[in-house]
Amino acid sequence: MAPCCSDSNCCNSSKREITSREVSTHGPPFKTQIGHTSVICGSLPEILGELYHGNHHHGYHIQPAVSLKDTLLAHKETNPCSKTLLHPPAPASGPSKVSSCSEKLCCVRKLSGHVHEIDTDSTTSQSCVEKIGEDSQDSSSTIIEIDDNGISYQVERVVLNVQGMTCTGCESNLRKVLDSIGAISNIKTSLLLAETEFNLKPSEVLHSGNIAHVIEQMTGFSCIKANSSGEGLDLILPAGVSVPDGPFPSGLTSMISVGREKIRITYDPKVVGARTLLQDPFFQSAQFASASTSRDVPSGRKETHKSLLLTAISVILTIPVLVLAYANLPDRNVVYGSISLVLATLVQLVAHGFYIKAYKTLRYSRMIEMDMLVVLSTTTAYVYSVIAFAFMAAGRTLSTGDFFETSTLLITLVLVGRTAAAYSRHKAVESISIQSLQVQNAIIVDPKDRNREIDSRLLQYGDIFQVLPDTRIVTDGKILEGETEVDESLITGESTLCLKKPGMTVIAGSINHSGRLLVELTRLPSENTIQSISAMVDEAKSSKARVQEIADRVAGYFTPVVIGIAIIVFVAWVSVGKALRHESTSTACIHAMTYAISTLIVSCPCAIGLAVPMVLLVAGGVGARYGLIFKTAGTIEIGRKISHVIFDKTGTLTQGNPSVVDSSYLTTTDLSSVILALTNNSKHPVSSGVNRLMQTLQSEVSKPVHLEHVISVPGKGIEATSEGLQIRGGSAQWLGVENSPVVQKLLQRKLTIFCVDVSGSLAAVFGLQDQLRPDSLSTIQELKRRCISISLLSGDNEHVVKAIGEHLGIAPEKTRSCCTPAQKQAYVKKQLAIPNSTVLFCGDGTNDAVALAQASIGMHMGGGTDVAQSAADAILMNSSLKCIITLIDLSKSFHRRVVFNFIWSFVYNVFAILLAAGVFPKVRIPPAYAGLGELVSVLPVIAIAMQLRWKKF
């Protein structure tokens, strides 16, 4: 094979010039070009093989010698010496990946695999893409990643709805296929949500436009892209009408075909609004498609409908076969057999999906899963029946005759079981989906004060919408007019009504009670509180608990073991038939085959695979109902083991709304404007309390102060410069003024201190007081009753921390004052060092971020900062500390149900296999009815998980 660069030493063969010479492939021939010289770089299968097996260090630029769709191969670059197979945009920073051709590995290696059998022409898929512009191929989000050499490159976050996954074996197959594609990383899959997410490093060969089709070819599943970023709208085109070619409207970022007459567009809402975009002549022939409440709910509904249709067809075809087999009809065996043969063959065609998935799983993933058991058992029964019918037609009837009813009924019952399981999973996802709270319509007020109702997806920035009494608020916004009480319980879990006045914010999904409101939109429906919570819940549902990994390994070995057992059963019954029953070899084999078929089909790994994720799904929804959002599955799993709870003080045990109760100014200069400007740059509750006081002291003639070099020092305060003066505001310890008489006076009153220093001189001292949360004491008492150790860490002064600790009953040795973020982290580490300890840290501020990340479970109070939220494992959407108790109890319930599901799965499979194998002489499972195995095994698992939904915490 020739090298792909001028350095011939990097390959064993030399470069040779050819003129448009075509290289033979298993599909259309390809050639590459270096300047004016064409160099053979290998066939398409070899090139794709490199791509799918993750060898990114080779460079290829492929140009078709014959016409192919541009969505697959579009030769845009001419330098073949790129170190990476893929072609991202130029790095955001850092040197070029390669500086010379000699630094690259240019040879192509023939790798194992069968990628050349995949149809990479994505235009045949419904998920094909019309690329719009140069920056975006679709609605995937763009992420910057950094490789091992520190070079940054762009990847796209792709979300696919996957239809056809029925068990954890299917999910493992999908993950294995994705993992084999080198351009894909950071993979997440979910059987229950029927979706997968991953980062894709796009190239000319593989990009977000054809990745869905490639995965379909390798797995047999049906894949369709879901919106993963930006604003997306589904539009329906009238029959025979196509969207015209450019120029494309401003702000439109992508357009994806999701059906023959349906397209999905993505746009930048900061550039163009939805209504403005649809008014463009470009979309004048399109109609707005109906809304769906969740990206996973419609996918599950479509999966259920498809499964139901196949089941109905199979039932219709099976009933005549059963009638012909069991009814007392005239002796016309050949005629009836012919009819049964035709109907049974049609049933086999209905079940073609089993064969496709089993074949592709075995070929591409080297796995044997549940579909293979179905294929082996049904095919064996069908093939034998065909042979028996042929003998009968030839006048040599076998002793048992044909049994087409076995293969047809077997397939039908398997389809019934899978339909019931799919429906149950879909209803479980739908029942706990918080996106069902999203209002579908909104009443907007135009500049002329006229009201009109629109689809909420058509809201855009700048809109003012009206909220009527006893209706749900459509999206997040700021009240312009009106006063009311709002029920936020379905979002935050807080049952108390919240008073709302002009200037205050309202959140999507909450219920307006009495007043009429005019609200200015601040967040679009696709990015509001409902979507934020839903994203975190989905993230937890997509993550895997440790016990799930064990279950997946067991399920992975399950199918090969069952096949081995079936072989043993077959051999055993053949031996019994010949040795004890003195049957002929053919008769003994036929009887043994019925036992082997029953053994194959009655066993079900699905119950094992669903034992954890089904309970996790429901537990996440229950937590959200109580205002407790889990970001990882591990949080629910280990919550029951919590041995130590560490609290921050401000904003956690206290309400986080301190007010100034005393102040002293040590200078005659009016510093209110300076202090106001300084505290404007901090979200800390103490700074906010001082800021509110300074706002009341501002007069109409007050001039704003411009600060420079503003720096927030976590755990200490803020510093800045103004007109050459250094201004600092924060704790007395940080400023070194804790011994000042003014400071000492306020400390004796057990107040929180905020000092202001101007160029080294103390200028002002403020004493603040905060109120404890109403449930702080009761929560700590309940935790202590459960023998859970309690600690209190705070950056506040010793007097305040000690007083609060005494009031709450926290031991003095478990309280720490004047803590920096590093000291909080060190304390958490110390507690984690205790054997068998599980530490929960509860905080709300930037100061707490490192401690939240260090703890076994980091819990973030809903009113805190985004930095703390990103570091946390669980988020409290309300202000109730009782959610800590809810977490512990919910985790215990989760654990009990998972254990029960595992026990049930084990007991079912043991007894079902024993019955099917004929271990009990007078009781057995006929092969025709063994197909009910999946239904019998899976439904109890789903029922036990759903029971958690009605448990009170």
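Residue numbers 12 to 964, in my numbering, belong to the letters of the sequence shown in order.
C-beta atoms are modelled at their ideal positions from N, C-alpha and C, and glycine is treated no differently.
None of the values given here were measured: they were computed from a predicted structure.
C-alpha distance - residue i paired with residue j, whole-angstrom precision
i, j, result
"Pro-99", "Met-547", "Because Pro-99 sits at a pLDDT of 34, beneath the cut-off of 50, its placement in the model cannot be relied upon, and the point is left open."
"Thr-391", "Ile-608", "8 Å"
"Thr-897", "Phe-905", "12 Å"
"Arg-979", "Gly-175", "An answer regarding residue 979 cannot be provided, because it is not within the stretch 12 to 964 covered by the chain."
"Ser-418", "Leu-639", "49 Å"
"Ser-742", "Phe-765", "5 Å"
"Ala-336", "Val-358", "16 Å"
"Ser-867", "Arg-796", "21 Å"
"Gln-958", "Gln-559", "20 Å"
"Thr-430", "Leu-628", "19 Å"
"Ala-941", "Thr-610", "8 Å"
"Leu-687", "Val-769", "14 Å"
"Met-12", "Val-216", "Annotation note: pLDDT 39 at Met-12 (below 50); position unreliable, coordinate value reported separately. Those two C-alpha atoms are separated by around 21 Å."
"Leu-185", "Gly-620", "15 Å"
"Arg-960", "Pro-832", "38 Å"
"Pro-40", "His-218", "Because the pLDDT at Pro-40 is just 34, under 50, the model does not fix this residue reliably, and the point stays unresolved."
"Glu-441", "Leu-204", "10 Å"
"Ala-566", "Trp-745", "58 Å"
"Val-282", "Thr-264", "10 Å"
"Leu-289", "Gln-295", "7 Å"
"Ile-649", "Thr-849", "8 Å"
"Lys-841", "Tyr-606", "60 Å"
"Leu-340", "Ile-350", "14 Å"
"Gly-364", "Ile-576", "25 Å"
"Lys-236", "Ile-198", "15 Å"
Supposed contact pair residue j and residue i - C-beta distance, whole angstroms, cut 8 Å
i, j, result
"Glu-380", "Cys-181", "7 Å"
"Ile-544", "Ile-445", "6 Å"
"Val-613", "Gly-929", "Contact flag wrong, Cβ pair sits at about 12 Å."
First and last residue of the uninterrupted beta strand (DSSP E) at residue i
i, result
"Cys-853", "850 to 854"
"Ile-278", "For clarity, residue 278 is Tyr in the given sequence; the question names Ile instead. Segment 273 to 278, the beta strand (DSSP E) holding Tyr-278."
"Gly-869", "868 to 872"
"Lys-281", "Taken as a continuous stretch (DSSP letters only), Lys-281 belongs to no beta strand (DSSP E), as it is neither H nor E."
"Ile-235", "233 to 236"
"Ser-268", "263 to 268"
"Gly-180", "It is not in any beta strand (DSSP E) - Gly-180 instead sits in the alpha helix (DSSP H) that spans 179 to 191."
"Gln-477", "475 to 478"
Pick from the options that is closest to residue i, judged by C-alpha positions
i, options, result
"Met-604", "Ser-787, Ile-578 and Asp-474", "Ile-578"
"Gly-632", "Lys-962, Val-170 and Gly-243", "Lys-962"
"Ile-195", "Pro-341, Leu-204, Arg-534 and Val-170", "Val-170"
"Leu-246", "Lys-212, Ala-404, Gly-262 and Phe-293", "Phe-293"
"Leu-244", "Gln-449, Ser-537, Arg-483 and Val-440", "Ser-537"
"Gln-449", "Val-440, Lys-459 and Ser-467", "Ser-467"
"Thr-329", "Thr-264, Phe-415, Asp-279 and Phe-402", "Phe-415"
"Pro-696", "Phe-581, Gln-666 and Thr-533", "Gln-666"
"Val-497", "Lys-489, Ile-484 and Ala-404", "Ile-484"
"Gly-473", "Arg-463, Ile-455, Asp-481 and Cys-894", "Ile-455"
"Ser-723", "Glu-749, Leu-689 and Val-716", "Leu-689"
"Cys-617", "Ala-837, Leu-384 and Leu-779", "Leu-384"
"Val-656", "His-871, Val-345 and Pro-331", "His-871"
"Met-888", "Ile-327, Ile-518, Glu-492 and Ala-285", "Ile-518"
"Phe-913", "Val-952, Lys-893 and Val-930", "Val-952"
"Ala-166", "Phe-209, Thr-177 and Ile-192", "According to the sequence displayed, residue 166 carries Val and not Ala. Selected option, being the one with the closest Cα: Phe-209."
The alpha helix (DSSP H) enclosing residue i, as first and last residue numbers
i, result
"Lys-903", "894 to 928"
"Ile-379", "Element bounds for Ile-379: n/a, residue is neither H nor E."
"Glu-945", "944 to 958"
"Phe-569", "557 to 590"
"Thr-230", "222 to 230"
"Ser-500", "500 to 503"
"Val-450", "No alpha helix (DSSP H) contains Val-450, which DSSP labels as neither H nor E."
Min CB distance residue i to chain D below 8 Å
i, result
"Val-173", "Protein chain content of the structure displayed is limited to a single chain, and chain D is not contained in it."
key: Every unbroken beta strand (DSSP E) inside the segment 303 to 368 [3 residues or more]   = none
task = List in chain order: all unbroken beta strand (DSSP E) runs of 3+ residues lying wholly within the segment 657 to 701.
result = 670 to 676
ask   = What beta strand (DSSP E) runs, 3 residues minimum, are completely inside the segment 737 to 792?
value = 763 to 769 and 772 to 780
request  = Mind listing, in chain order, the continuous alpha helix (DSSP H) runs of no fewer than 4 residues lying wholly within the segment 601 to 654?
outcome  = 617 to 621, 624 to 636 and 644 to 649
ask   = Where in the segment 795 to 842 do unbroken runs of the alpha helix (DSSP H), each at least 4 residues long, occur, reported from the N-terminal end onward?
value = 809 to 819
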